[in-house]
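Comments concern the structure below.
Numbering (this note's numbering), first residue to last: 529 to 1105.
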């Protein structure tokens, strides 16, 4: 302990200057981020005000030209709510006319055949914004105004004018013809594909290059000892792993089924939006599950203590014995927690986030009737590539988090290699695409969201459950076999491991090896780790086989549909002739 104290004191003195520079760098980055967000907020507020003024002018002009005075008055009453809703510091306001809200619910009642849980939840949420809360409309920071603006946009602007990238507002018509020309001419030059990129894709690449350059410069300064040039090389390897997967999935064999422009957008969606949503949702769901497991464990403990007063006395005299017996009796709770963690927190949440990362991107490559001569199989391949690309972006961001959670470069490389040889996210996304193609291309309405993602959730959950469960059971078994001296020895070894991790010390080294702590510090995989990894890989291979079988069957079905469609078109042409 004295040696550890001396080591940490020396370490603190040596790195005092480095810590100061690191603090200055972090503060500067935070200030730059704050100023950037403030500028973006001010600019967006100015643009929003101009947009709203122009929109209201157009609405008033249309209202003035309306021949039916009754209909015009009703429509204008509804539209005027947009102005009332633009009060960012009010959370509600009175609804003047209930008939304004009636129409959406009348239409919803006409669709009783398609009721489901999500639909009922949406109606309950929409009712709060439609005069059902004490006769008021609920709003937050003008969200009702934003919704009304969207409706008025759809009423005023022709549909083809709304087909655009919503970040740069570049119309699809500005760049889609060049993408279609590349597909029809089968142009394989990479530079030609790059020159046909949209403004949004170009900005994504430029922004990524700027961030990459800043991180490279930061790693060369040695300001942060935990992010040096070696760590930067690991980051480059992590990004290259994603690039290699995309090269094999898209560019090598399927570059004409989905454009490079679409690949960049889907990757960015998974990398930025998918992981951001997943982090927030997993934190919330994890909090709920932790509370649930704590309550279950508490009730299980009370249940165990309710049988014998002698047991209570024994446990009071020997807390270690009490904890061991509790572990033995409540092992099923740890199994339940691992199951919920694997299937609910990880699998369901992440598969949904990957699906919505694909769904939220609207690209002309996958829009219906955008490619008159494109086959159904080519369209299905494009959907698969798009979903896999979004999943690769999601996995790339997740890999960066897992890789840099370690403190040593060797550990970072080991984590990267392990996660590279088990691309569960990409495989699960490919399996999801089977259900999406069956719903959208084969017009099988029974394959909705649940059926589409269920096999992927089963793969992801089983993979994570195996990796988590076997080491957990081993740890419980090892603790049950340990006595007081073994537990004390393990605690001392952990202190020695911590000291050795941060600094070199002769006393620490002597204690480390004299007390046989090398097994605790060993970075090699135990037999249980290898067993769990082997079983998880086996599950992954089974689902790869499942995807191959389902994909081939779907290709045959799509070929049949293609032949039937062509035959029908020929019959129609002959009839016209």
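All residues carry an ideal CB built from backbone N, CA and C; glycine is no exception.
I'd like to check one pair, residue 914 with residue 894: are the Cβ atoms closer than 9 Å? Looking up residue 894 in the chain shown gives position 366. Looking up residue 914 in the chain shown gives position 386. Yes, the pair counts as a contact, with Cβ atoms nearer than the cut-off.
At a cut-off of 8 Å, is residue 965 close to the ligand COA when judged by its beta-carbon and the heavy atoms of the ligand? This structure lacks the ligand COA, and indeed carries no ligand of any kind.
Exposed unless 16 or more other CB atoms sit within 10 angstroms - verdict on residue 1086: Looking up residue 1086 in the chain shown gives position 558. In this structure residue 1086 is buried. Its beta-carbon is surrounded by 16 or more other beta-carbon atoms within 10 angstroms.
Just grab the DSSP bridge partners of residue 692 for me. By 1-based counting over the chain shown, the position of residue 692 is 164. According to DSSP, residue 692 bridges with 699.
If I'm right that residue 910 touches residue 786 with Cβ under 8 Å, what's the distance once you round it to whole angstroms? Translated into the one-based positions of the chain shown, residue 910 becomes position 382. Translated into the one-based positions of the chain shown, residue 786 becomes position 258. Contact between residue 910 and residue 786 holds, with the beta-carbon distance rounding to 4 Å and staying under 8 Å.
Taking DSSP as the reference, what is the three-state secondary structure of residue 950? Locating residue 950 in the chain shown gives position 422, where the first residue counts as 1. Here residue 950 sits in coil by DSSP.
Quick check on residue 793: buried or exposed, where buried means 16 or more other Cβ atoms within 10 Å of its Cβ? Looking up residue 793 in the chain shown gives position 265. Result: buried.
Inter-residue spacing [alpha-carbon to alpha-carbon] between residue 677 and residue 576: The sequence position of residue 677 within the chain shown is 149, counting from 1. The sequence position of residue 576 within the chain shown is 48, counting from 1. The alpha-carbon atoms of residue 677 and residue 576 are separated by roughly 10 Å.
Assign residue 689 to one of two classes, buried (16 or more other C-beta atoms within 10 Å of its C-beta) or exposed (fewer than that). Mapped onto the chain shown, residue 689 falls at position 161. Exposed: under 16 other Cβ atoms inside 10 Å.
Rounded C-beta distance between residue 998 and residue 1059? I'm assuming under 8 Å. Here residue 998 is taken as the residue at index 470 of the chain shown, counted from 1. Here residue 1059 is taken as the residue at index 531 of the chain shown, counted from 1. About 6 Å; that satisfies the 8 Å criterion.
Note the first and the last residue of the continuous alpha helix (DSSP H) segment covering residue 930. The sequence position of residue 930 within the chain shown is 402, counting from 1. That run of the alpha helix (DSSP H) goes 904-931.
Is the separation between the beta-carbon of residue 934 and that of residue 940 shorter than 9 Å? Numbered from its first residue, the chain shown carries residue 934 at position 406. Numbered from its first residue, the chain shown carries residue 940 at position 412. A contact, by the Cβ cut-off of 9 Å.
Would residue 906 count as contacting chain B if we go by Cβ distances under 9 Å? Absent from the structure is chain B; it holds one protein chain and no more.
Using the rule of at least 16 other Cβ atoms within 10 Å of the residue's Cβ for burial, across every protein chain shown, is residue 1088 buried or exposed? Looking up residue 1088 in the chain shown gives position 560. Classification for residue 1088: exposed.
Can you find the residues in the same chain that come closer than 6 Å, C-beta to C-beta, to residue 769, ignoring five residues on each side of it along the sequence? For the purposes of this step, residue 769 is identified with residue 241 of the chain shown, where counting begins at 1. Within the same chain, residue 769 has close Cβ partners 948.
Report the start-end ranges of each beta strand (DSSP E) in the region 930-1003 that is 3 residues or longer and not cut off at the edges. The region 930-1003 contains no whole beta strand (DSSP E) run of 3 or more residues.
Pair within 9 Å by beta-carbon distance, residue 982 and residue 1067: In the chain shown, counting from the first residue as 1, residue 982 sits at position 454. In the chain shown, counting from the first residue as 1, residue 1067 sits at position 539. For residue 982 and residue 1067, no; Cβs fall outside 9 Å.
Where do the ends of the alpha helix (DSSP H) carrying residue 1055 lie? Locating residue 1055 in the chain shown gives position 527, counting from the first residue. 1055-1104 is the span of the alpha helix (DSSP H), which, as asked, contains residue 1055.
Look up residue 796 in the DSSP assignment and say whether it is helix, strand or coil. Within the chain shown, residue 796 is the residue found at index 268, counting from 1. Looking at residue 796 - three-state DSSP - the assignment turns out to be helix.
If you check the beta carbons only, do residue 882 and residue 960 fall under 9 Å apart? Numbered from its first residue, the chain shown carries residue 882 at position 354. Numbered from its first residue, the chain shown carries residue 960 at position 432. Closer than 9 Å, so yes.
Between residue 924 and residue 767, what straight-line distance do the alpha-carbon atoms span, to the nearest angstrom? Taking the chain shown and counting its residues from 1, one reaches residue 924 at position 396. Taking the chain shown and counting its residues from 1, one reaches residue 767 at position 239. The straight-line gap from Cα to Cα measures roughly 7 Å.
Could you check if residue 996 is buried or exposed, using at least 16 other CB atoms within 10 Å of its CB as the buried criterion? In the chain shown, the residue the question calls residue 996 occupies position 468. That one is buried.
Which of helix, strand or coil does DSSP assign to residue 869? Translated into positions along the chain shown, residue 869 becomes position 341. In the displayed model, residue 869 falls within a helix according to three-state DSSP.
Between residue 987 and the rest of its own chain, which residues show a CB-CB distance below 6 Å, the 5 nearest in sequence each way excluded? Taking the first residue of the chain shown as position 1, residue 987 is located at position 459. Contacts found: 956 and 1071.
Taking C-alpha atoms, which residue in 1055, 714, 570 and 704 lies nearest to residue 779? One-based indexing of the chain shown puts residue 779 at position 251. The shortest C-alpha separation from residue 779 is found at 714.
Contact the region 746-754 vs the region 681-701: 3+ CB pairs below 8 Å: Taking 8 Å as the limit for Cβ pairs, the verdict is that the region 681-701 does not touch the region 746-754.
Between the CA atoms of residue 974 and residue 1101 - distance to the nearest angstrom: Along the chain shown, read from residue 1 onward, the residue named residue 1101 stands at position 573. Along the chain shown, read from residue 1 onward, the residue named residue 974 stands at position 446. The alpha-carbon atoms of residue 1101 and residue 974 are separated by roughly 33 Å.
Candidates 984, 884, 869 and 891: which alpha carbon is nearest residue 798's? Against the chain shown, residue 798 aligns to sequence position 270. Closest option to residue 798, Cα to Cα, is 884.
At least 3 beta-carbon pairs within less than 8 Å: the region 724-739 vs the region 697-714: The region 724-739 is in contact with the region 697-714.
Simplified DSSP assignment, three categories, for residue 551: To locate residue 551, count along the chain shown from 1; it is residue 23. Correct three-state label for residue 551: helix.
Under 8 Å: do the region 823-833 and the region 857-867 share three or more Cβ pairs, one atom per stretch? Contact holds: three or more Cβ-Cβ distances are below 8 Å.
Residue 772 versus 907, 552 and 921, residue with shortest Cα-Cα distance: Counting from one through the chain shown, the residue named residue 772 turns up at place 244. Minimum Cα-Cα distance from residue 772 among the listed residues 907, 552 and 921 corresponds to 921.
Expressed to the nearest angstrom, what Euclidean distance is found between the alpha-carbon atoms of residue 994 and residue 1002? Here residue 994 refers to the residue found at position 466 of the chain shown. Here residue 1002 refers to the residue found at position 474 of the chain shown. Pairing residue 994 with residue 1002, the inter-Cα distance amounts to about 13 Å.
Among residues of its own chain, excluding the 5 on either side of residue 1051, which ones have a beta-carbon nearer than 6 Å to its beta-carbon? Counted from its first residue, the chain shown places residue 1051 at position 523. Low per-residue confidence applies at residue 1051: pLDDT is 48, beneath 50, and the placement is therefore not dependable, though the value from the model is reported in the following sentence. Closer than 6 Å at Cβ, skipping near neighbours: no residue.
Burial state of residue 625, where buried means 16 or more other Cβ atoms lie within 10 Å: The residue given as residue 625 occupies position 97 in the chain shown. With a pLDDT of 48 at residue 625, under the threshold of 50, the modelled position of that residue is not reliable, and the figure given next carries that caveat. Exposed is the call here.
Excluding five sequence neighbours on each side, which residues of the same chain lie with their C-beta closer than 6 Å to the C-beta of residue 721? Stepping through the chain shown from its first residue, residue 721 is reached at position 193. Counting only residues of its own chain and dropping the five nearest sequence neighbours on each side, residue 721 has a CB closer than 6 Å to the CB of 788.
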